[in-house]
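For reference, each letter of the sequence shown is one residue, going -7 to 613 in our numbering.
Where a beta carbon is used, it is the ideal one built from N, C-alpha and C, also for glycine.
Note that the structure is a prediction, hence the values are computed from the model and not measured.
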Amino acid sequence: MLPDLDPVIPLLHQGLALQKDGKLPAAEQVYRQALGLAPGHPLTLHLLGTVVGQTGRWFEAIELLQSSLRIQPADPKAWNNLAVALLDAGDSTKALGAAERALALAPDYSAARLSWANACFGLKRFAEAVETFRAVICHSSALRRMAWFGLWRSAAAVCDWNAMDEAALGLNEALSSGDMVLRPFDALAYADDPQLHCRSAAAEVARVMEREGVNPYAWERSARPALQRRIRLAYVSADFHEHATAYLMAELFERHDRSRFEVIAVSFGPDDRSPMRKRLKAAFDQFWDVSQDNATAISQRMRDEGVDIAIDLKGFTRDSRPSIFLRKPAPVVVSYLGYPGTMGSTAYDYVVGDPVVTPAELAPNYVEKVVQMPATYQVNDTQRVIAAQVPSRVDEGLPERGFVFAAFNNVYKITPAFFAAWMRLLAAVHGSVLWLVCSDTDAQSHLRSSAQSHGIDSQRLVFARRAPLAQHLARHAHADLLLDNLPYNAHTTTSDALWAGVPVVTCMGQAFAGRVAASLLNAVGLPELVTHSLPEYEALALRLATNPQELRCMRAHLKAVRSSTPLFDTERFTRDLESAYVHMHERRLQGLPPEGFAVPEVLGAGMQPLRSVPPTLQTSP
């Protein structure tokens, strides 16, 4: 029998009020006091689980909510809150099941329907997500704006541009009223607008700090004596496995100067037991698996271990943990590579860019201080293997003859305007095809239907299957020209193409995400492939597709410079990045605040003021 619950109810009301005000530690204390008075009380377990989840301790939250449901299984709110905690923990499969249990108990429960749709998105069941978000929009005014966002990104994932336009109407209405419903990563693909990206990042930081009750740790800037030890770098990511980030960075980790730096991996992602995972574990001095730890514990461990510089390789990308860095785990915090934009918080001291992606004139759009690498911000692994055996065109579903335009970006990056330009290219180049990487049948159907609406035979769209990196690089032999898009450029995809010897045509935007391909092309000595408008982009692609000699010259250039170009000079890149780290560290030891700077083109020279866009990439007057 439960004891008299009269003392518990007022405590629960008190806890709810504290929780609503964002005073999460105080709310948790009150709920634990109530649980002490009535152990096993399901509502107390439920409420304690929600507040624990808000602080980022998702696994603990899941256990508490499951305990509540074992006692009171007919509580749809508890099932939905369990679904939310499971989504936060990255388990979309179990989240879907929990949301279904909530809906079985309360079929009209819109919050559970929203959770179900978010779980579908996580499981890449995008078409189902689209329809469910639409249902939430129709039935819940309170959840409508979140559902608009869910509808937009789900529709983008399957190239359902009608649904995207529908969602954009709601999103634009919310944005114009000051409600930042766009999450930062999605904002990159929503608009080529660095100011919007900054506002979205700042709003996300505010949400995280409120949700998790972040108590920032402030490092004093007073001068400290230099420590007679190596500078301790901590690279923090969920992607230390078979992942695009690992494909780019593995060699950098291996090349770090161990006489000057101690290099630590802080891994909160899964262990896929892949060869890349084994390689990465061997590349670091220490490899911390913190996948079961919350942000507070991870941050504290980094402080306890004396990390000098913490490098966030995730930003706001999938499975990111910005709350680690908002707690200031090291005296210097750096955002690098994973997220192409500002993190929107002064907890981050620096963002690593270059004169193209983060030129001096765009530095005010970053809360962090900008650090410019000499050539390009993107490191590359020169050990990436291109498979010796190249599959035939027939094996890849390509015709025996005909020009192959390739667009190997994730399809959510495709916009109707660029797709229309691609269709005009197909119409102008007889026998040509458009080669895309897409396994989602709904996305394929939408793209084929769109091609037909432009008067193009849908069979001229060829969809490549997913393949291991070495095989994917090998099949680039059949691609004649890679077509990029805005507002979110091809990033690793551009590097892959250039490494495999395929020219890339891009259109340079205003925000970081829309300037990456320009940076990479400039770093391989092909700035002439960078355009500044859609008509210019289309004209250049058509010229190259109908001028095989010019295209052959570009391929020959890529082959000739691959071993010497700055884009693939990992040794030099590592030394330049290390000099940037040393400068950051020394400023901190001198008690100086962060400042923007450019790493010099001459190794060993002093740091320089931020540079503007190189003349080769500036628009003609």
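Out of curiosity, what's the CA-to-CA distance linking Val516 and Ala179? 29 Å
Between the Cα of Pro332 and those of Ala505, Ser59, Ala94 and Gln541, spot the shortest distance and give me the residue it belongs to.
-> Of Ala505, Ser59, Ala94 and Gln541, the residue nearest in Cα terms is Ala505.
Going by beta-carbon coordinates alone, are Glu47 and Ala193 separated by less than 7 Å?
Checking the sequence shown, residue 47 turns out to be Thr, not Glu. 7 Å or more divides the Cβ of Thr47 from the Cβ of Ala193.
Spatial neighbours of Arg247 in its chain, beta-carbon cut-off 8 Å, leaving aside the 5 residues before and after
Thr562, Glu563 and Thr566
Notebook entry, point to check: Which two residues bound the contiguous alpha helix (DSSP H) that contains Leu281?
Noted result: In the sequence under discussion, the amino acid at residue 281 is Asp, which differs from the Leu named in the question. That residue, Asp281, is in no alpha helix (DSSP H); its beta strand (DSSP E) goes Gln278 to Asp281.
For Ser102 versus Val128, is the C-beta distance shorter than 7 Å?
-> For Ser102 and Val128, yes; Cβs fall inside 7 Å.
Segment limits, beta strand (DSSP E) that includes Gln364:
Lys361 to Gln364
In whole angstroms, what separates the C-alpha of Arg93 from that of Leu57?
14 Å
Report task. Under 8 Å by Cβ, that's how I've got Val429 and Ala469 pegged, so tell me the actual separation to the nearest angstrom. Result -> Not really, about 15 Å apart at Cβ, beyond 8 Å.
Pull up the distance between the alpha-carbon of Ala257 and that of Arg416, whole angstroms please. 47 Å
Under three-state DSSP, which class holds Leu521? helix
- Going by the beta-carbon positions, is the gap between Asn372 and Phe560 smaller than 7 Å? yes
Legend entry - Through-space distance from Ser312 to Ala413, alpha-carbon basis: Distance between Ala413 and Ser312, taken at the CA atoms: about 34 Å.
Please state whether the Cβ-Cβ distance between Leu602 and Ala352 is less than 7 Å. yes
| message | What does the alpha-carbon distance come out to for the pair Gly14 and Val206? | response | 10 Å
Handout entry: Element boundaries [alpha helix (DSSP H), containing Ile54]
Key = Unbroken alpha helix (DSSP H) run through Ile54: Trp50 to Ile63.
- Under the DSSP definition of a beta bridge, which residues are partnered with Leu453? Leu426
### Query
Taking the Cβ atom as the reference point for each residue, do Phe614 and Ala537 lie within a distance shorter than 7 Å?
Residue 614 lies beyond the stretch modelled for the chain, which goes from -7 to 613, so this question has no answer here.
Using CA atoms only, rank isn't needed, just tell me which of Lys405, Ala572 and Ala466 is closest to Arg385. Ala466
* Asked: Is there contact between the stretch 441 to 456 and the stretch 473 to 483, where contact requires at least three CB pairs shorter than 8 Å?
  -> no
From what residue to what residue does the alpha helix (DSSP H) around Glu563 run?
Taken as a continuous stretch (DSSP letters only), the alpha helix (DSSP H) holding Glu563 covers Thr562 to Leu581.
Length of the line joining the Cα atoms of Ser556 and Glu360: 32 Å
Using the Cα positions of Ala533 and Ala367, report the straight-line distance between them to the nearest angstrom. 25 Å
- Leaving out five residues on either side along the sequence, give the residues of the same chain with a beta carbon under 7 Å from the beta carbon of Met(-7). Residue placement at Met(-7) cannot be trusted, given a pLDDT of 36 that sits under 50; the coordinates are not used to answer.
Exercise. Measure the alpha-carbon distance for Asp152 versus Ser133 and round it to whole angstroms.
Key: 24 Å
State the beta-bridge partners of Glu254 as determined by DSSP.
Arg224, per the DSSP bridge assignment.
For this session: Please check the pair Gly330 and Thr309, which I expect to be a contact at CB under 8 Å, by giving their CB distance rounded to whole angstroms.
Result: About 5 Å; that satisfies the 8 Å criterion.
| Thinking C-alpha only, which one of Leu27, Val43, Ala9 and His524 is nearest Pro(-1)? | Leu27
- In whole angstroms, what separates the C-alpha of Pro613 from that of Glu234? Below a pLDDT of 50, predicted positions are generally treated as unreliable, and Pro613, at 48, falls in that range; the measurement from the model is reported next regardless. Cα to Cα, the separation comes out at about 45 Å.
According to DSSP, is Val516 part of a helix, a strand, or is it coil?
Residue state, collapsed to three classes: coil.
What does the alpha-carbon distance come out to for the pair Arg295 and Ala322? 6 Å
Query - Neighbour-count burial assignment, Asp83, 16 or more Cβ in a 10 Å radius - result: buried
**Study point:** Cutoff 8 Å; reference Arg175; Cβ partners in own chain excluding five residues on either side
**Key:** Phe141, Ser192, Glu196 and Phe308
By a C-beta neighbour count over all protein chains shown, 10 Å radius and 16 as the cutoff for buried, is Cys130 buried or exposed?
Exposed, since its Cβ has fewer than 16 Cβ neighbours within 10 Å.
Enumerate, from N- to C-terminal direction, the unbroken alpha helix (DSSP H) stretches of 4 or more residues contained entirely within the stretch 303 to 349.
Counting whole runs of 4 or more residues, the stretch 303 to 349 contains the alpha helix (DSSP H) stretches 314 to 318.
Quiz item: What does a CB cutoff of less than 7 Å around Thr36 pick up in its chain, not counting 5 residues either side in sequence?
Solution: Val0, Leu4, Tyr23, Ala26, Leu27 and Ala30
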